[in-house]
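Residue numbers (the working numbering): 415 to 613. The beta carbon of each residue, even a glycine, is placed where N, CA and C say it ideally should be.
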Amino acid sequence: MKKFALSAGVALAMTLSAVAQAHPTNQGYVEDSEATIWRNSFGECWHTGFWTEADAKVEGCDGYQAMAEPEPVPVAPAMVSAEKKFSLFFDFDSAVVEEDISAIVDYIGSMGMVENVDLVGNADFIGNADYNMALGQRRAEAVAAELQNAGVDGSKITVSSMGENAPVASCSGKGAALIACLRADRRVDVTISGETKEM
Numbered sequence: 415m416k417k418f419a420l421s422a423g424v425a426l427a428m429t430l431s432a433v434a435q436a437h438p439t440n441q442g443y444v445e446d447s448e449a450t451i452w453r454n455s456f457g458e459c460w461h462t463g464f465w466t467e468a469d470a471k472v473e474g475c476d477g478y479q480a481m482a483e484p485e486p487v488p489v490a491p492a493m494v495s496a497e498k499k500f501s502l503f504f505d506f507d508s509a510v511v512e513e514d515i516s517a518i519v520d521y522i523g524s525m526g527m528v529e530n531v532d533l534v535g536n537a538d539f540i541g542n543a544d545y546n547m548a549l550g551q552r553r554a555e556a557v558a559a560e561l562q563n564a565g566v567d568g569s570k571i572t573v574s575s576m577g578e579n580a581p582v583a584s585c586s587g588k589g590a591a592l593i594a595c596l597r598a599d600r601r602v603d604v605t606i607s608g609e610t611k612e613m
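Here it is in structure tokens:
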């Protein structure tokens, strides 16, 4: 009977030896042949005789939880220098802004940083040169007022006038036909400079 019990014990020990082995990366835990760590009826991981507190680095065993990977820090898009030009046109001998400025306002709002909004008023050659210089200034100031009313920072706006000295139209004739032809000279040139996000 004792021989049978001894034989059974040896067989059991050999069976356990065949299926139980130390965890390959942490010798303090016992796992089966499928690399699953053994647990008791309470869900606790089985320790080998060599286990120490320093071995408690296996996920789900002895209260250990691996630290979550930190969320990647988003990289801010690079800023690049940008410049864009617009022109607003005026009726004859008028400094009233009739054209829509929303495209200008939208572009300024889209920039990461606005350095300057340069407004240069112009006039056609009809009339006195000094008058036309003052008319160009009034036109630039009228556009500046509209932009500020739309929320553009007034400290970024500069205004000046070229009067009749920067024509782009080439016209002849007289009367209403000449006035209509010279419309391109009755304008405010808008130059927006600053930085925008690199696409």
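* Cut-off 6 Å between Cβ atoms - residues of its own chain near V573, not counting five sequence neighbours on either side -> Taken in chain order, the residues that qualify are L533, A554, E555 and A558.
* **CA-to-CA distance, V528 to L596, given in whole angstroms** => Between L596 and V528, the C-alpha separation is close to 32 Å.
* Where the alpha helix (DSSP H) containing L592 begins and where it ends -> Boundaries of the alpha helix (DSSP H) harbouring L592: G589 to C595, taken from the DSSP string.
* To do: To the nearest angstrom, report how far apart M462 and A482 are at their CA atoms.
  => For clarity, residue 462 is Thr in the given sequence; the question names Met instead. Cα atoms of T462 and A482: separation of roughly 28 Å, rounded to the nearest angstrom.
* To do: Report the rounded CA-to-CA distance for L502 versus P488, giving the unit in angstroms.
  => Each residue's Cα considered, the two are about 40 Å apart.
* Candidates G442, V511, A517 and S575: which alpha carbon is nearest K471's? -> Nearest C-alpha to K471: G442.
* To do: Using a threshold of 7 Å, state whether the C-beta atoms of G550 and G568 are closer than that.
  => No, they are not a contact pair.
* Is it right to say F464 is buried, meaning 16 or more other beta carbons lie within 10 angstroms of its own, or is it exposed? -> The residue is exposed, with fewer than 16 neighbouring Cβ atoms inside 10 Å.
* Which residues bound the beta strand (DSSP E) around R601? -> Start and end: R601 to K611.
* What are the start and end residues of the beta strand (DSSP E) that includes D532? -> Per DSSP, D532 belongs to the beta strand (DSSP E) from M527 to N536.
* Asked: If we count the other Cβ atoms within 10 Å of its Cβ and call it buried at 16 or more, is G535 buried or exposed?
  -> Residue environment for G535: buried (at least 16 other C-beta atoms within 10 angstroms of its C-beta).
* Classify S575 as buried or exposed, calling it buried when 16 or more other Cβ atoms lie within 10 Å of its own Cβ. => Its Cβ being crowded by 16 or more others within 10 Å, S575 is buried.
* **8 Å Cβ shell around I515 - same chain, five flanking residues per side excluded** => In the same chain as I515, and ignoring 5 residues on each side of it, the C-beta atoms closer than 8 Å to its own belong to L502, V557, E560, L561 and A564, in chain order.
* Buried versus exposed call for V494 [16 or more other C-beta atoms within 10 Å across all chains shown] -> Looking at its Cβ environment, which holds fewer than 16 other Cβ atoms inside 10 Å, V494 is exposed.
* Closest to Q592 by CA distance: which of T466, E513 and F506 is it? -> Checking the sequence shown, residue 592 turns out to be Leu, not Gln. Of T466, E513 and F506, the residue nearest in Cα terms is F506.
* **Assigned secondary structure, V519 (DSSP; H/G/I helix, E/B strand, else coil)** => In this structure, V519 counts as helix in the three-state DSSP scheme.
* Cβ neighbours of D476 in the same chain (closer than 6 Å, five flanking residues each side left out) -> A470, listed in sequence order.
* Where does D603 land, buried or exposed, given buried means 16+ other C-beta within 10 angstroms? -> Buried.
* Given M547, which residues of its chain have a CB within under 7 Å of its CB, disregarding the five upstream and five downstream residues? -> These residues qualify, in order along the chain: S575 and G577.
* What is the rounded straight-line gap between the Cα of R600 and the Cα of N579? -> One C-alpha to the other measures close to 11 Å.
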